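For the sequence shown, the working numbering begins at 133 and goes up steadily by one.
Note that the Cβ used here is the ideal one computed from N, Cα and C, for glycine as well.
Please read these numbers as outputs of a predicted model, since none were measured by experiment.
This report concerns only the one structure given below.
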Amino acid sequence: MTFILTCTSGEYIYQVSDRRLTMLGGLNSGVVVDDESNKSTLVGGRMSFCYTGLAEISGKRTDIWLAQTLANGPIQDLGVACERVRAQSTQEFRNLRRKRCPEHFLRHAFVGIGWCRLPEDDGLQPLLCTISNALDGNGEWLAQPSDEFLIRINGWGQSSEGFSIAGAGQTLRQDEKHAIWRHIRRCAKKKAGPIAFLRALIDAVFFVADRYSGVGSNLMATCMPRAAAEDYLRTGDSMAVYGLPHSNRNVFVYSSLERLHPIVYGPNVATEGIAITGFHAGPLDLASEDS
133 MTFILTCTSG EYIYQVSDRR LTMLGGLNSG VVVDDESNKS TLVGGRMSFC
183 YTGLAEISGK RTDIWLAQTL ANGPIQDLGV ACERVRAQST QEFRNLRRKR
233 CPEHFLRHAF VGIGWCRLPE DDGLQPLLCT ISNALDGNGE WLAQPSDEFL
283 IRINGWGQSS EGFSIAGAGQ TLRQDEKHAI WRHIRRCAKK KAGPIAFLRA
333 LIDAVFFVAD RYSGVGSNLM ATCMPRAAAE DYLRTGDSMA VYGLPHSNRN
383 VFVYSSLERL HPIVYGPNVA TEGIAITGFH AGPLDLASED S
């Protein structure tokens, strides 16, 4: 099962997810289907979503379904965009129930991190959002999915520790959760910059991948600074680039334990009326074969 690690620290928000797909049940349960399946979608210039659960919704890859659903309406108001995902997810999963899809296959979650302006605040604040039929208030899986997808919002604000972090998808033991927390806390205590934070988050997902076969070691990571979100709200510019974290630019990084991996992948991007999916780049012969 996918592992999603989401974090905020000062002027930056981060999200890291693995790209592995595995069979959910039957004789082939746990068998790896794909190690390069995108789970990440950037929403405008101020939010990042990943998913864990079903790989297809309504005959489409879930990442593509999500990008198209977000793009099929306004996204400036994140509440409106999230409600659209919630309502359509509820309807699609009800259709699956009518087709007698086993209940335990239907647990699903979209996890988002973004910048929003709350009524009581002048500036933008980090916001954790989950849209799920099977996550409780602590982000843990329920035994059975409910009939309705629910939106849960956590205004992270400024933590006394200097960072906030949340994992979703693969269930971890308490000692594993604490090991990840300590690893990220070292960055906060050293007042490390965004490059060190993102590296620590990537290493934390590698740590999980080393322990759980359902989590892959090919990762997609995004970093969105507060300044880029402010620029987006002012100008509408939602560009994201491949590279290391930057003070006023949204970036994404593809990281793999195959250090010489020739293809670089990117997240989907959803803006109002436009969904960009399937980003990958590399040598022409290899990139064309991967299309």
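Look at the segment 229–308 and you find these whole runs of beta strand (DSSP E), each 3 residues long or longer: 241–248, 257–264, 282–287, 296–301. With a 10 Å radius around the Cβ and a threshold of 16 neighbouring Cβ atoms, Ser387 comes out buried.
The beta carbon of Val337 sits closer than 7 Å to those of Phe135, Leu137, Val148, Asp150, Leu351, all from its chain and outside the five residues before and after it, given in chain order. By the neighbour-count criterion, in which a residue is buried when 16 or more other Cβ atoms sit within 10 angstroms of its Cβ, Val385 is buried. By the neighbour-count criterion, in which 16 or more other beta carbons inside 10 Å mark a residue as buried, Asp307 falls on the exposed side.
By the Cβ criterion, the segment 225–236 is not in contact with the segment 294–306, since fewer than three pairs of Cβ atoms, one from each stretch, lie closer than 8 Å. For the segment 169–216, the full-length alpha helix (DSSP H) segments reaching 4 residues or more read 194–203 along the chain. For Arg226, the three-state secondary structure derived from DSSP is helix. In this structure, DSSP gives His315 a helical state, which the three-state scheme calls helix. Contact annotation: Asn382 and Ala360 have beta-carbon atoms nearer than 7 Å. Contact between Phe329 and Tyr144 is confirmed by a C-beta separation of about 7 Å, below the 8 Å threshold. For Pro326, the enclosing alpha helix (DSSP H) covers residues 326–341. The Cβ-Cβ distance between Arg249 and Leu260 does not fall below 7 Å. Secondary structure note for Thr367: its alpha helix (DSSP H) is the uninterrupted segment 358–367. Per the coordinates, the alpha-carbon of Leu198 lies some 11 Å from the alpha-carbon of Ala241.
Rounded to whole angstroms, the gap between the alpha carbons of Leu186 and Lys192 is 11 Å.
Inter-residue distance for Glu215 and Asn286 is about 16 Å (C-alpha atoms, whole angstroms). Per DSSP, Tyr344 is not a residue of any beta strand (DSSP E), being assigned neither H nor E. Looking at the DSSP output, Asp150 shares a beta bridge with Leu351. Here the C-alpha atom of Thr303 lies approximately 17 Å from the C-alpha atom of Ser349. Taking Glu390 as reference, the option from Gly142, Met155, Tyr146, Asp167 with the minimal CA-CA separation is Asp167. Between the alpha carbons of Lys171 and Lys322 lies a distance of about 31 Å. Counting the other CB atoms within 10 Å of its CB gives Asp369 a total below 16, which places it among the exposed residues. No Cβ-Cβ contact shorter than 7 Å links Gly271 with Ala311.
Shown here, Ser379 sits in coil according to DSSP, grouped into three states, outside any helix or strand.
In terms of Cα proximity to Ile408, the closest of Ala353, Trp273, Val175, Asp363 is Val175. When secondary structure is reduced to three states using DSSP, Ser387 falls in the strand class. One alpha carbon belongs to Ser141, the other to Ala320, and they sit about 8 Å apart. Trp288 and Trp273 have their alpha carbons spaced roughly 21 Å apart. Around Pro399, the same chain offers Asn170, Ser172, Thr173, Leu174, Ser180, Met352, Thr354, Ala372, Phe384, Phe411 as residues with beta carbons nearer than 8 Å, after the five sequence neighbours per side are excluded.
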